[in-house]
Amino acid sequence: MSGLWRDCRLLAAHDVRLLWFRFIRSSTKTSHALGLKPPVYPALKTVLSAWPYWLFGGLVLLGAIGFGLGVVAFGAGMAADDAAEIWPLLALGLIGVFLWMIFGALSLIAGTLFLRGDMDLLRASPLDPRAIAIVRLFNISVFCSVIPLIGAVGIFVGALIRGAWSFLWAAPATLAMGMMATALAVIVAFGLVQVIGPRRIQSTVHLVSAFAGLGVLAVFQTNNFVDWPGTKTGWFVYWLTQAYQTQQDLAIFAVPRAIFARGPIPLTAFVFGSVGVYAVTMAILGKALMELAAQPIQTRAQAARGPARAFTSGAIWSVVLKEWRIIRRNPMVFAALGAQMFYLLPAVVSPIALAFRRGAADPQTIAVFLAAGCVLGSSTMAGRGLWIVAGGEHAPDLLRTAPAHPGVIRWGKIFSVAGISVMLCAIIISGALLFGVSWFDAAIALLGAAITALAVGRVQWRYIKPISMKDLNRTARFSLVGGLIQFAITMLIGATATLFVYDRPLFALLTLALAAAAFYAATTQEGQSALFESDPTPTSPPAKPQPA
21 MSGLWRDCRL LAAHDVRLLW FRFIRSSTKT SHALGLKPPV YPALKTVLSA WPYWLFGGLV
81 LLGAIGFGLG VVAFGAGMAA DDAAEIWPLL ALGLIGVFLW MIFGALSLIA GTLFLRGDMD
141 LLRASPLDPR AIAIVRLFNI SVFCSVIPLI GAVGIFVGAL IRGAWSFLWA APATLAMGMM
201 ATALAVIVAF GLVQVIGPRR IQSTVHLVSA FAGLGVLAVF QTNNFVDWPG TKTGWFVYWL
261 TQAYQTQQDL AIFAVPRAIF ARGPIPLTAF VFGSVGVYAV TMAILGKALM ELAAQPIQTR
321 AQAARGPARA FTSGAIWSVV LKEWRIIRRN PMVFAALGAQ MFYLLPAVVS PIALAFRRGA
381 ADPQTIAVFL AAGCVLGSST MAGRGLWIVA GGEHAPDLLR TAPAHPGVIR WGKIFSVAGI
441 SVMLCAIIIS GALLFGVSWF DAAIALLGAA ITALAVGRVQ WRYIKPISMK DLNRTARFSL
501 VGGLIQFAIT MLIGATATLF VYDRPLFALL TLALAAAAFY AATTQEGQSA LFESDPTPTS
561 PPAKPQPA
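Laid out in structure tokens, this is it:
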């Protein structure tokens with residue numbers, strides 16, 4: 021036990037030093053770079069050299085205190101009946117924070133315990149794996165607890181100023197929720213490791229956490245999409261409120277209220293119970309980590325046979341798998357494509373929300389707006405995504421010298437980006453089926469999204485220009501003619517999909533023929549893509565003439 025305690029203290033001190041050098045000292049270096057010279061007093065040098073950060077933080081703190089005073093005053097003057105009416109919303113808030121903690125902790129666990137090569141370091145480390153698990157997971161639980169507490173600091177200060185001590189129960193409750201969420205995330209993470217292995221858990225968990233967080237956000241923001249007739253809240257909140265008012269025994273309300281609204285005894289039991297679950301999980305985790313640390317050789321041997329099997333399934337499919345693997349492993353490319361995914365969602369959801377807002381929420385109208393939104397979003401994702409994956413740093417040189425046929429590489433990259441956009445549209449379309457949209461209309465919307473992604477990707481390949489990795493966060497440099505052609509093809513295919521859904525097949529075939537003509541004219545011009553054009557500027561200096 022003494023060795024475990026010693027290793028925990030060493031790792032904790034190491035984390036504190038990392039925090040100091042990465043954040044606190046970096047702020048002083050930034051102020052030096054801005055020309056903000058600190059005073060000559062050594063004791064105040066570190067603190068006062070970063071005065072812009074302290075000024076900004078002070079203004080934020082004052083605003084939070086004012087907000088907290090308003091919340092406390094509202095809570096103190098609220099009648100008991102009003103409290104009973106808004107309790108479903110408070111319960112939803114607690115549940116949303118807890119879900120955010122779970123998926124946030126799961127994502128952090130995948131990034132701190134199962135990084136590439138992390139198992140090898142654990143295997144060769146002289147430290148106790150239990151100490152590594154305890155320190156790292158304690159940091160995660162503190163992070164998941166402190167972030168909500170920072171947002172509620174104004175409420176705590178306002179409660180102290182006004183003497184409303186009952187509001188302070190949120191501090192220990194939030195810490196307990198963070199520890200419980202971390203313990204549950206550990207259990208889920210180790211369950212995923214047993215299914216998919218430690219090498220793929222990071223990308224899988226990030227993707228699952230992103231979609232789960234997006235789902236929670238969509239549930240809590242339903243009032244921004246649809247209004248229930250005669251109410252001022254969304255249909256989801258309205259249903260929960262009505263269910264609670266009819267005294268239905270719903271655990272979604274009973275559990276949070278039994279813990280947080282029945283006095284200090286249930287709250288204290290919840291805090292100590294969370295700490296107990298956390299401690300038991302940490303005790304079991306050490307053995308599991310040691311078992312996983314002894315497996316890296318076998319997992320590497322199994323992973324090495326994967327690409328060999330992949331290349332036997334076809335050249336284009338091999339390029340698609342390679343592109344997806346690069347996207348998953350490159351943080352910058354993954355983040356850039358992830359941003360495009362979030363740009364795609366409003367393009368798909370906003371037309372449907374507009375239909376709800378205008379009271380035209382029948383299934384056919386929803387299907388029409390769904391088809392238009394999927395086509396528009398798929399076009400945006402495919403065009404920008406191909407610009408990212410096909411025009412990256414050194415990609416033109418690699419494409420010119422690749423041993424494969426240019427058509428294989430071209431369609432492999434196009435299919436890799438189109439597959440991502442079509443999968444996202446399929447998830448949204450499957451949700452639209454719950455609103456009564458027919459399978460035929462859903463298939464038309466999905467087919468339109470797929471055709472749009474492939475067509476726009478092919479046109480984008482024709483007009484794309486080489487870029488560098490540092491330009492991923494900037495505006496895309498593309499040809500104006502190519503952009504106009506992509507826009508025209510997107511509008512024509514969108515019109516085709518909506519006309520098919522609206523039972524106008526003759527006009528739909530006409531717009532589809534126009535889209536095919538525009539695509540043919542854009543992709544059969546003389547000359548090759550800019551990615552394969554010979555660069556007039558030599559990449560290497562010319563050879564010096566040899567003396568005679």
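Quick note: the sequence shown uses this note's numbering, first residue 21, plus one each step.
Idealized CB from N, CA, C, for every residue including glycine.
- T516 and L526 have their C-alpha atoms spaced approximately 10 Å apart.
- Counting of Cβ neighbours within 10 angstroms places S458 among the exposed residues, the total staying below 16.
- Sequence-distant partners of T510 (beyond 5 residues in either direction) whose C-beta falls short of 8 Å from its own C-beta, in its chain, are V395, L396, S399, T472, V476.
- Under the DSSP assignment, L532 falls in the alpha helix (DSSP H) whose first and last residues are 525-543.
- L532 is classed as buried because its beta carbon has at least 16 other beta carbons within 10 Å across all chains shown.
- The beta-carbon separation of L406 and W481, rounded to 6 Å, stays under the 8 Å limit for a contact.
- In the DSSP assignment, Y483 falls within the alpha helix (DSSP H) that extends over 459-483.
- Cβ contact annotation for V228 (same chain, cutoff 8 Å, sequence separation greater than five): F123, L126, in chain order.
- Y298 carries a helical assignment under DSSP once its states are collapsed to helix, strand and coil.
- DSSP, reduced to helix, strand and coil, places L147 outside both helices and strands of the structure shown, so it counts as coil.
- Beta-carbon to beta-carbon, L466 and V442 are separated by about 7 Å, close enough to satisfy the 8 Å threshold.
- Residues A203, V206 of the same chain have their beta carbon placed closer than 6 Å to that of T301, with the five preceding and five following residues left out of the count.
- Sequence-distant Cβ neighbours of L453 in its own chain, meaning closer than 7 Å and more than five residues away, are A462.
- Between the beta-carbon of S165 and that of G198 there is about 3 Å, and that keeps the pair under the 8 Å contact cut.
- Take the alpha-carbon of A538 and the one of L512: they are about 9 Å apart.
- Residue burial is scored here from C-beta neighbours: V215 has fewer than 16 other C-beta atoms within 10 angstroms and is therefore classed as exposed.
- D523 counts as exposed, since fewer than 16 other beta carbons sit within 10 angstroms of its beta carbon.
- Between T518 and A391 a beta carbon distance of about 5 Å is seen, short of the 8 Å cut, so the two are scored as contacting.
- In the structure shown, G456 falls within a coil segment according to DSSP collapsed to helix, strand and coil.
- With contacts defined as CB atoms closer than 7 Å, A542 and V479 qualify as a contacting pair.
- Between F118 and the set H34, M200, V297, I434, the nearest pair of CA atoms involves M200.
- Burial check for R150: the Cβ neighbour count within 10 Å reaches 16 or more, so the residue is buried.
- One alpha carbon belongs to F435, the other to G403, and they sit about 12 Å apart.
- Measuring C-alpha to C-alpha distances from A470 to each of P383, G393, A196, G503 identifies G393 as the nearest.
- In this structure, V521 places its C-beta atom within 7 Å of the C-beta atom of I464.
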